[in-house]
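When we follow the numbering used here, the leftmost residue of the sequence shown carries the number 1183, and every step to the right adds one. All residues carry an ideal CB built from backbone N, CA and C; glycine is no exception. Structure first, commentary second.
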Amino acid sequence: MTSAKTDWRENSACGSADADELFADSPRQKRAKMICMRCPVRTQCLAEALDERIEFGVWGGMTERERRVLLRRKPDVASWLFVLEAARDGVVSRVG
């Protein structure tokens, strides 16, 4: 694991949460997503889940289903962190 990955995980809002909350079934996913809404490293978390094609759980405020839709829409993205940070900062992306 790289130091960049370690850094964002150390600052995550879910670091002390029960893993069952983050890998919940559909009715409980809203609670998991609420944890993400207040997380200072939400963008990094979501980028890693997208880059690594993580299939299960809520990451960066998105469920596995939501991530699959996004990955199908933009299959050629090399760095999701770049795309997500550009979107957050209001920079127009030329991807897909």
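**Prompt:** What number of angstroms, rounded off, separates the C-alpha of W1190 from the C-alpha of S1208?
**Reply:** Counted from its first residue, the sequence shown places residue 1190 at position 8. Counted from its first residue, the sequence shown places residue 1208 at position 26. Distance between the alpha carbons of W1190 and S1208: 26 angstroms.
**Request:** Could you spell out the range, first to last residue, of the alpha helix (DSSP H) harbouring F1264?
**Result:** Within the sequence shown, residue 1264 is the residue found at index 82, counting from 1. F1264 -> alpha helix (DSSP H) spans 1262–1270.
**Request:** Go ahead and label E1237 buried or exposed: buried means 16 or more other beta carbons lie within 10 angstroms of its beta carbon, across all protein chains shown.
**Result:** Position 55 of the sequence shown, counting from 1, holds the residue named residue 1237. Under this definition E1237 is an exposed residue.
**Item:** Per DSSP, cross-strand counterpart(s) of W1241
**Value:** Looking up residue 1241 in the sequence shown gives position 59. Beta-bridge pairing links W1241 to M1244.
**Request:** Check whether the Cβ atoms of G1205 and G1242 sit closer than 7 angstroms, and answer yes or no.
**Result:** Taking the sequence shown and counting its residues from 1, the one referred to as residue 1205 is at position 23. Taking the sequence shown and counting its residues from 1, the one referred to as residue 1242 is at position 60. Checking the sequence shown, residue 1205 turns out to be Phe, not Gly. Against a cut-off of 7 angstroms, the Cβ pair of G1242 and F1205 comes out as no contact.
**Message:** Quick check: the Cα distance between C1218 and R1210, rounded to an integer number of angstroms?
**Reply:** One-based indexing of the sequence shown puts residue 1218 at position 36. One-based indexing of the sequence shown puts residue 1210 at position 28. Distance between the alpha carbons of C1218 and R1210: 13 angstroms.
**Message:** Give me the residue from V1259, F1264, K1215 with the minimum Cα distance to E1246.
**Reply:** Reading the sequence shown from its first residue, position 64 is the one you call residue 1246. It is K1215.
**Asked** Between which two residues does the alpha helix (DSSP H) harbouring D1258 extend?
**Response** Position 76 of the sequence shown, counted from the first residue, corresponds to residue 1258. From DSSP, D1258 is part of no alpha helix (DSSP H); its letter is neither H nor E.
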